[in-house]
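Working notes for the structure below.
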Amino acid sequence: MTGESQDAGIMPRCLDVIFNSIANYQTKKFIFKPDKLNGFDIQNEADAMLDRQNELHAGLMSQRNGKSGKLRKVESDSDSNPIIHDIEETETIQVDQDNVYAVFVTYVEIYNNSVYDLLEDEDIRTKTLQSKIVREDGNKNMYVHAVTEIEVKSSDEAFEIFQRGQRRRRVAHTALNAESSRSHSVFTIRLVQAPLDCEGEQVVQDKRVVCITQLSLVDLAGSERTNRTKNTGQRLREAGNINNSLMTLRSCLEILRENQLQSTNKMVPYRDSKLTHLFKNYFDGEGQVRMIVCVNPRTDDYDETIQVMKFAEMTQEVQVARPAITKIDFGFTPGRRQANKLFKEARSKLQKEGRLEAADLEIDVGLVYSLGGPFPELEINSPRNDQIITNLMHFLEQRINKRNILRTDLQQKQNDLRKMLMTMEQDHMNLKIENASLKAANSQQNKKISALEGHLCKTEEQIDSLLRKLNHANDTIRSLQHELKDRNMALNQRLIDKQRVKQKYNTKMQVETDKMNKELEIKLRQQREQLQNQMKEKDDKLRLVKQILVDDNGINSVPISKDYATPTSNYIQTKGTDCRSRRDKAATANLRYRRSQSADRWVDHRPGALVPVGTVLQPLMRRRRSVTRLTDPKEITDGVSRYCLVAQEHDTDGELETKLFKGDIIPTSGGGAQVIFNDMECLKQLSPKARKRSGPQDIENINEIGSPNHSSTLKESKRPRVVN
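Each residue of the sequence shown is one higher than the one before, starting from 1 at the first, in the numbering used here.
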């Protein structure tokens, strides 16, 4: 019915052909107005304009209500992707140019043997469609009473209305079809036409001259066997009504075929179903019926397909007699619309040329030449009635004179026309020569364009090739950048792991060192106590010996004690002298010392991949400009005087060492600047050194210090020592 976007169906093609044929002969809206009795009334221009204004006002009010937030009914869109046809039908049908046309559409469905209007405005209170009645009009034609008829001016507008009604059709889900139609739908296109008046200006205000033709596109719902569709309840009832209507249609066609073959007049049961009752006139010969059968070639549908094909074959054999069509002839001049158009164009042209009297010309589409009125009375009652012959002779003389005048005028017009034709022929020859020269120039231009197109194609191919190479290079660069980033991340991770391991082992070594220092201190304390005890014992022995010597010889041993204590005082005195001498010395000159540092402005160049160090001492530059990469010469020439480059590396022991290379920025004569490095600072972290362990040799030295023979050594030593 609707087709696809690239292949339009029956309905879009029919609409395109209709509107293509009547494109220039459509009336303004509301000239034809439905009378709700399957007919149309003809309105004058004033009433039609009033209806158009009311429609426009209603549309504006509905939009305003929608914006102000009033409650409005929103229709559900079962077809979220409506079909948009890209290809329009271009075929046209020859129509009478002296008629005006209008197109109306209706859309109804037959559900459970009841007729519903799909274009009816929904009642918000009931929210359900009201069933309609099928009636017979005054011309014995069947129609749906009070159905909504909408006037459309284009195929797109008609298709939009069809889609609006399609969304309100009753569909349901079955085992064989996700969206199974549960009703028959009838989309009717009604073409209304009426002749123009004698002047070809207005529509004849006579309802009898209105001619209505209609095309009904019927979508019959199919019904499969219940054991396949698994229908129950409401769906089973719907399937039963569909089957009953289709069986009634088949019965009507079979009876029509029987009446045709046997020349009988058996009554056809149209009223058994609303479907056949609505199309009774078509089956009686006042229209034509064409049936398109859609079947599925699957083997599972074989039984249904056979029955449908038999039904279709039987319908092809049904033929009915068509009644004669009577047409009212008002005797109007054919071609009056075109004559009226030409007369208006000529009058408009005269007005543009400045002839004001042309506005008063009346439209006359009759014959230009006329020999006069009708012949006088020619009935002769007596032989003495000569007046009739005299009148006839006078009338004929007038007609002959007028004929001669008209012939002369016609001859003059023919001569003028001949001159005009000769002038036009001459102009035509000149135009042909000019056209030939233009064709030659056009041919050369086409050749040039072809050459340029070839060159353009080659250039586009080269551009495509370069773009492919560029994309390949960009992909390679991107992959290399990813690889470099991964490697940098791996390297940073390795550095972090290395620092973590180093920190771990440093901590472990520090703990072990502290532990060993504590043990050594304990041992040293014990040894010192032991040595002190030994020294005390020796002192006691020496005292006893001295006492014995005093008692025996009277010799005082005090100088020995004095000599023993002398090194300590000498050492202390010497140390104090040395310390004082260091403080009193004058400081050497610092060549890198600058008194004024507040006026300097630094360029702090730090690469992005620096490992942060947690040192107490940090570089301090009060006025600085931090950069990670030097890309512009203005970065070192715009108001800066000092330059500092920060770099990190590992020393020989694997420790992280931060170096600061400092220099002065000196402007050059060419407008640039040069950096002269004159200093370097090094920021480094070291672990505290372990204390020296006391070995057996140290203990022996201590013992030697405590021996009596060591007193002379202390006196002769140039560097005093302290002995506990």
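Glycine included, C-beta positions come from ideal geometry on N, C-alpha and C.
Only counting the same chain, and skipping five residues up and downstream in sequence, which positions put a Cβ closer than 7 Å to that of residue i?
i: Met-1; result: Gly-9, Ile-10, Met-11, Leu-217 and Asp-219
i: Ile-93; result: Val-17 and Ser-21
i: Leu-378; result: Ile-388 and Leu-392
i: Lys-70; result: At Lys-70 the pLDDT is 37, less than 50, meaning the model places this residue with poor confidence; the figure from the coordinates comes in the next sentence. Nothing meets the Cβ criterion.
i: Val-134; result: Val-115, Met-142, Val-144, Lys-274, His-277 and Leu-278
i: Cys-14; result: Ile-189 and Leu-215
i: Lys-36; result: Ala-146
i: Leu-617; result: Leu-683
i: Ile-676; result: Gly-663, Asp-664 and Ile-666
i: Ile-699; result: Confidence is the limiting factor: at Ile-699 the pLDDT is only 47, short of 50, which leaves the residue's position unreliable and the question unanswerable from this model.
i: Asn-241; result: Asn-112 and Asn-113
i: Arg-478; result: none
For my contact list, residue i and residue j are in at a C-beta cut-off of 8 Å; report their separation, rounded to the angstrom.
i: Val-115; j: Lys-274; result: 6 Å
i: Ala-647; j: Lys-662; result: Ala-647 to Lys-662, Cβ: 12 Å. No contact.
i: Glu-151; j: Ala-102; result: 6 Å
i: Pro-269; j: Thr-248; result: 7 Å
i: Thr-315; j: Leu-253; result: 5 Å
i: Tyr-615; j: Gln-685; result: According to the sequence provided, residue 615 is Thr. The question's Tyr does not apply to it. Indeed they touch by this definition, with Cβ atoms about 6 Å apart.
i: Ala-48; j: Lys-28; result: 6 Å
Does the beta-carbon distance from residue i to residue j come in below 7 Å?
i: Arg-169; j: Glu-109; result: yes
i: Gln-193; j: Asn-99; result: yes
i: Arg-52; j: Phe-32; result: no
i: Ser-183; j: Tyr-111; result: yes
i: Ala-321; j: Gly-285; result: yes
i: Val-318; j: Leu-246; result: no
i: Pro-195; j: Val-210; result: no
i: Asn-38; j: Asp-117; result: no
i: Ala-221; j: Ser-181; result: yes
i: Thr-637; j: Ala-673; result: yes
i: Asn-517; j: Ser-687; result: no
i: Phe-19; j: Ser-155; result: yes
i: Asn-244; j: Ser-223; result: no
i: Thr-213; j: Leu-191; result: yes
Return the chain-ordered list of same chain residues with a C-beta closer than 8 Å to the C-beta of residue i, the five sequence neighbours on each side being excluded.
i: Glu-160; result: none
i: Gln-97; result: Tyr-25, Gly-335, Arg-337 and Gln-338
i: Val-640; result: Arg-601, Trp-602, Val-603, Arg-625 and Ile-665
i: Phe-375; result: Leu-392 and Phe-395
i: Ser-707; result: With a pLDDT of only 45 at Ser-707, under 50, the local geometry of the prediction cannot be trusted, and the value read off the model is given with reservation. Correct list: empty, nothing qualifies.
i: Asp-539; result: none
i: Leu-129; result: Tyr-116, Asp-117, Leu-118, Glu-120, Glu-122 and Arg-168
i: Pro-633; result: Gly-672 and Ala-673
Once you ignore the five residues that flank residue i on each side, which residues in its own chain have a CB closer than 6 Å to its CB?
i: Gly-3; result: Gly-9
i: Gln-499; result: none
i: Ile-189; result: Val-105 and Leu-215
i: Val-293; result: Val-308 and Ala-312
i: Ser-78; result: With a pLDDT of 41 at Ser-78, under the threshold of 50, the predicted position of this residue should be treated as unreliable, though the coordinate-derived value follows. Once the five neighbours on either side are set aside, the close Cβ partners of Ser-78 are Arg-167.
i: Asp-651; result: Glu-657
i: His-605; result: Val-627 and Leu-645
i: Val-289; result: Tyr-282
i: Glu-238; result: Arg-182
When you compare the CB of residue i with every CB in chain C, is at least one pair closer than 7 Å?
i: Gln-532; result: Absent from the structure is chain C; it holds one protein chain and no more.
Query raised in the report: Whole beta strand (DSSP E) runs in the region 145-191 with 3 or more residues, listed along the chain?
Result: Runs found: 150-152.
Query raised in the report: Can you list the alpha helix (DSSP H) stretches of 4 or more residues lying completely in the region 231-311, in chain order?
Result: Secondary structure remark: continuous alpha helix (DSSP H) runs of at least 4 residues inside the region 231-311, in chain order: 234-262 and 274-278.
**Report entry** Contact the region 31-43 vs the region 200-212: 3+ CB pairs below 8 Å
**Finding:** Touching, yes.
Query raised in the report: Enumerated in chain order, which unbroken segments of the alpha helix (DSSP H) with a length of 4 residues or greater are wholly contained in the region 623-657?
Result: Correct list: 634-637.
Query raised in the report: Which ranges does the alpha helix (DSSP H) cover as unbroken runs of at least 4 residues, wholly within the region 473-533, from first to last along the chain?
Result: Within the region 473-533, there are no complete alpha helix (DSSP H) runs of at least 4 residues.
Query raised in the report: Fully enclosed by the region 397-433, which beta strand (DSSP E) runs are 3 residues long or longer?
Result: Within the region 397-433, there are no complete beta strand (DSSP E) runs of at least 3 residues.
Requested in this report: Note down, one range per segment and in chain order, each beta strand (DSSP E) of at least 3 residues found wholly within the region 29-66.
Outcome: Complete beta strand (DSSP E) runs here, min 3: 32-34 and 40-42.
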